[in-house]
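Asks: All residue numbers for the sequence shown refer to the UniProt record's numbering, where the first residue is 1 and numbers rise by one.
For glycine and all other residues, C-beta sits at the position ideal for the given N, C-alpha and C.
Keep in mind the model is a prediction, meaning the values are calculated, not measured.
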Amino acid sequence: MSAIFGISAVAVYSVFHRSLQKDRNEHLQTLAQAAVPSLDRIKTKGNESLQRDLPWRSLFEKGQSLEWFDADGKLLAREGGDFPDIPLVKNSVPVRIHEGSPLIQKDGKLTSVSIAVYADSEDQKTLNLEGYIRASESNKALASRLDQLQLGLKIGGMTALILISIASGVLTIVVLRPIKKSYQHLRQFTADVSHEISNPLTAIITTVQLMESHSEELPVDFVKKISTISSASEQIKHLMEDLRFLSQTDSQIRPSALEYPTIPLDEILEDIADNFETQAYNKELGFEFHLSPDVSIKGDSHQLKRLFSNLLENAIKYTTSGGIVKVFLEKHKRFAVVRVEDSGVGIPQEYIPYIFQRFWRAENARSYDKNGLGLGLSIVQAIVKGHKGKIEVDSKVGVGSRFNVYLPLV
1 MSAIFGISAV
11 AVYSVFHRSL
21 QKDRNEHLQT
31 LAQAAVPSLD
41 RIKTKGNESL
51 QRDLPWRSLF
61 EKGQSLEWFD
71 ADGKLLAREG
81 GDFPDIPLVK
91 NSVPVRIHEG
101 SPLIQKDGKL
111 TSVSIAVYAD
121 SEDQKTLNLE
131 GYIRASESNK
141 ALASRLDQLQ
151 LGLKIGGMTA
161 LILISIASGV
171 LTIVVLRPIK
181 KSYQHLRQFT
191 ADVSHEISNP
201 LTAIITTVQL
211 MESHSEELPV
221 DFVKKISTIS
231 SASEQIKHLM
241 EDLRFLSQTD
251 SQIRPSALEY
261 PTIPLDEILE
271 DIADNFETQA
281 YNKELGFEFH
291 LSPDVSIKGD
301 SHQLKRLFSN
311 LLENAIKYTT
321 SGGIVKVFLE
331 KHKRFAVVRV
341 EDSGVGIPQE
351 YIPYIFQRFW
361 RAENARSYDK
371 NGLGLGLSIV
381 QAIVKGHKGK
391 IEVDSKVGVG
401 SRFNVYLPLV
C-alpha cells in the first residue's frame with residue numbers, strides 16, 4: 001500500500017513540476033514579447049525611455065528582470081533585480097516573434113527566456129535583426145511552491161496511510177469477531193464432549209476390567225471381543241484426554257515463564273528415562289541418556305513430563321529392533337537444550353512442516369502404529385510454546401530423527 005502511495009505521489013509531483021515550469025516559461029515569453037516595442041526607443045533615446053514604457057511593466061513581477069541587447073549582443077539596458085550570469089547566446093535559433101519557440105536558459109538560480117527581434121527592411125522583402133530581449137525569473141518561487149507541494153503530498157500520504165491502517169484494523173476486528181466466537185464455541189464444545197463422554201467411558205472401562213478379571217469363566221470368543229473393547233476404550237480415553245488438554249491450552253491464558261516454579265530439568269528427564277528404558281529393552285533397542293547436571297528452568301513439571309514422554313514414545317515406536325534411542329541435556333547460551341534422537345524410519349522432508357498439525361500422520365507412520373491419533377506432537381508443540389521455548393526437527397528417511405527442544409534457563 002505504501003508503495004502505491006509513493007508511486008502516485010511521485011507521479012503527481014512530476015506532473016505539477018512540469019506544469020509549473022511550463023506556466024513560468026510562457027509568462028516569461030509573454031513578458032519578453034511585451035517589451036519588444038521598447039527596444040527601438042532604447043536604441044534611440046536610451047534608458048530614460050524605460051520609465052514611460054508601460055506595456056511590459058503591467059506584467060513585471062518581483063524576482064523578474066528584463067534585458068535589451070542590440071543585434072551584436074551588446075547590452076543596452078536592463079530592469080529588475082536579479083540578472084543571469086550566463087552570456088546571451090546570439091546564434092541559438094533566433095526566430096521571429098510569434099513563430100517557433102524561444103530559447104530557454106538556466107544557470108541554477110535563474111531561468112531565462114530569450115527572443116530575437118526582427119524588423120522588415122525598407123523594401124519589405126527581407127528581415128533585419130534588430131536585437132534581443134531576455135526575460136529572467138528567480139527559481140526560488142518555483143522551488144518554494146514545489147516544496148509546499150512535496151510537504152502536502154507527504155502529509156496527505158501519511159494521513160491516508162494512517163486512516164487506511166485504522167480502517168483495516170477495525171475491519172479486521174469486525175471480520176474476526178464471529179470467527180473467534182465460533183472458535184470459542186468449538187473449544188467449549190470439545191471440552192464439553194470430553195467431559196460428557198468421560199463418565200460413560202469410565203463405566204465401560206470398569207466393566208471391561210471386571211469381565212477381564214473373570215475371563216476364565218467366559219468363552220474364548222467372548223474374551224477376544226472383550227479385549228477388543230478394552231483396547232478401543234483405552235484409545236478413546238487417550239483421545240479425550242488429548243483433546244481436553246489441547247482445548248485447555250488454547251482457551252486458558254498461559255502464565256509467563258517467570259510465573260512457573262523453578263524445577264530441575266535433569267531430574268525430570270532422569271525419571272522419564274528410567275521409565276522408557278524398560279520399553280526400549282523389551283523392543284531390543286539401545287537406550288542412552290546423557291544429562292548435564294544442575295539444569296534448572298521455570299516450568300510445569302507435569303506438562304514437561306508429558307512433552308518428553310511423547311517424544312520418547314514416538315522415538316521407541318518408530319525405531320525397529322536393533323536400533324538406538326538417545327536423550328541429551330545440555331546448556332546452550334540462555335537455553336536448556338533437550339535432544340531426542342533415534343535411528344528409526346525417519347520423516348520425509350516434505351512432511352516435516354505438517355507433523356505438528358492436529359490429527360496429521362505420515363503414511364509410513366500408519367504402518368507402525370495403527371492406533372495413533374496424530375495428536376502427540378501437537379501437544380508437544382503446545383507445551384513448548386507455553387514455556388516460551390521452541391522446537392526444531394531434523395530427520396532423514398531410513399536414518400532417523402532428531403528433535404531439539406529449547407527451554408529458557410533460570
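Where does P264 sit, in a helix, a strand or coil, going by DSSP?
Replies: Strand.
Asks: Going by Cα to Cα distance, which pick from V89, D266 and L163 is closest to P293?
Replies: Closest option to P293, Cα to Cα, is D266.
Asks: Between the Cα of T111 and those of Y118, P87 and V117, spot the shortest distance and give me the residue it belongs to.
Replies: T111 has its Cα closest to that of P87, out of Y118, P87 and V117.
Asks: For the segment 267 to 320, which segments carrying the beta strand (DSSP E) assignment without a break, of at least 3 residues, lie completely within its bounds, in sequence order?
Replies: Complete beta strand (DSSP E) runs here, min 3: 286 to 291 and 296 to 298.
Asks: May I ask you to report which of helix, strand or coil DSSP gives I42?
Replies: Helix.
Asks: When we look at the beta-carbon of S395 and count the other beta-carbons within 10 Å, is it buried (16 or more) or exposed?
Replies: S395 comes out buried.
Asks: Taking DSSP as the reference, what is the three-state secondary structure of I226?
Replies: Correct three-state label for I226: helix.
Asks: Using DSSP bridges, identify the partner residues of K130.
Replies: For the sequence presented, residue 130 should be read as Glu rather than Lys. DSSP, once it has assigned bridges, lists no residue as partnering E130.
Asks: Between Q124, D120, E137 and S138, which lies nearest to E130 when the distance is taken from Cα to Cα?
Replies: The shortest Cα separation from E130 among Q124, D120, E137 and S138 belongs to D120.
Asks: For H98, which of helix, strand or coil comes out of DSSP?
Replies: A caution first: H98 carries a pLDDT of 40, below 50, which makes its placement in the model unreliable, though a value can still be read off. If DSSP states are grouped into helix, strand and coil, H98 belongs with coil.
Asks: Per DSSP, which residues does T111 bridge with? Please list them.
Replies: The partner list for T111 (beta bridge, DSSP) reads K106 and E137.
Asks: Helix, strand or coil for D23 per DSSP?
Replies: DSSP places D23 in helix when its eight states are reduced to three.
Asks: Looking only at its chain, what residues have a beta carbon closer than 8 angstroms to the beta carbon of R78, apart from the 5 residues adjacent to it on each side?
Replies: Once the five neighbours on either side are set aside, the close Cβ partners of R78 are S65, L66, E67 and W68.
Asks: Quick one: is T44 buried, meaning 16 or more other Cβ sit within 10 Å of its Cβ, or exposed?
Replies: Result: exposed.
Asks: So who's on the other strand from P408, going by DSSP bridges?
Replies: Its beta-bridge partners are F335.
Asks: Please identify the residue among G63, K283 and D82 whose C-alpha is closest to the C-alpha of K317.
Replies: Selected option, being the one with the closest Cα: K283.
Asks: Report the three-state DSSP secondary structure of Q64 (helix, strand or coil).
Replies: Three-state result, Q64: strand.
Asks: Where do the ends of the beta strand (DSSP E) carrying K390 lie?
Replies: Its beta strand (DSSP E) spans residues K390 to K396.
Asks: Answer with buried or exposed for S401, where buried requires no fewer than 16 other C-beta atoms within 10 angstroms of its C-beta.
Replies: Classification of S401: buried, given that the 10 Å Cβ count is 16 or more.
Asks: If V338 and V405 are in contact, beta carbons under 8 angstroms, what's the gap, nearest whole angstrom?
Replies: Confirmed, about 4 angstroms.
Asks: Tell me whether S401 sits in a helix, a strand or coil according to DSSP, three-state version.
Replies: Residue state, collapsed to three classes: strand.
Asks: Should E122 and E61 be called a contact, given that it needs their Cβ atoms to be closer than 9 angstroms?
Replies: No, the Cβ-Cβ distance between E122 and E61 is not below 9 angstroms.
Asks: What does the Cβ neighbour count give for S92, buried or exposed, with the cut at 16 atoms within 10 Å?
Replies: Reliability of the predicted coordinates at S92 is poor, the pLDDT of 44 falling under 50, and no value is obtained from them.
Asks: Just reading off the alpha helix (DSSP H) that L375 is part of, what are its end residues?
Replies: Note, L375: premise wrong, no alpha helix (DSSP H); not H, not E.
Asks: Can you give me the Cβ contacts of A9 inside the same chain, cut-off strictly under 6 angstroms, excluding the 5 residues immediately before and after it?
Replies: So the qualifying residues of the chain are L153 and G157.
Asks: Let me confirm a value: L125 is counted as buried when at least 16 other C-beta atoms fall within 10 Å, else exposed. Which label applies?
Replies: A small correction: the amino acid at residue 125 is Lys; Leu does not occupy that position in the sequence shown. Result: exposed.
Asks: Since G63 and A141 should fall inside the 8 angstroms C-beta cutoff, what is the C-beta to C-beta distance between them, to a whole number of angstroms?
Replies: Going by Cβ atoms, the distance from G63 to A141 rounds to 6 angstroms, so yes, they are a contact pair.
Asks: According to DSSP, what are the bridge partners of F356?
Replies: According to DSSP, which records beta bridges pairwise, F356 is partnered with nothing at all.
Asks: Return the Cβ separation of I268 and L304 in integer angstroms, given the expectation that the two are a contact with Cβ distance under 8 angstroms.
Replies: Indeed, because the Cβ distance is near 6 angstroms, the residues count as touching under 8 angstroms.
Asks: Here's a check: name, in chain order, each residue in its chain whose Cβ is nearer than 7 angstroms to the Cβ of K390, leaving out the five neighbours to either side.
Replies: The residues are V384 and Y406.
Asks: Quick one: residues in its chain with C-beta nearer than 7 angstroms to the C-beta of Y354, no 5 flanking neighbours on either side, listed in chain order?
Replies: Closer than 7 angstroms at Cβ, skipping near neighbours: W360.
Asks: Please name the residue in I155, Q357 and S215 whose C-alpha comes closest to that of S227.
Replies: Nearest C-alpha to S227: S215.
Asks: Is any beta-carbon of chain C found at less than 9 angstroms from that of V170?
Replies: You won't find chain C in this structure, because it holds only one protein chain.
Asks: For D72, count neighbouring Cβ atoms within 10 angstroms of its own Cβ and tell me buried if that reaches 16, exposed if not.
Replies: Exposed: under 16 other Cβ atoms inside 10 Å.
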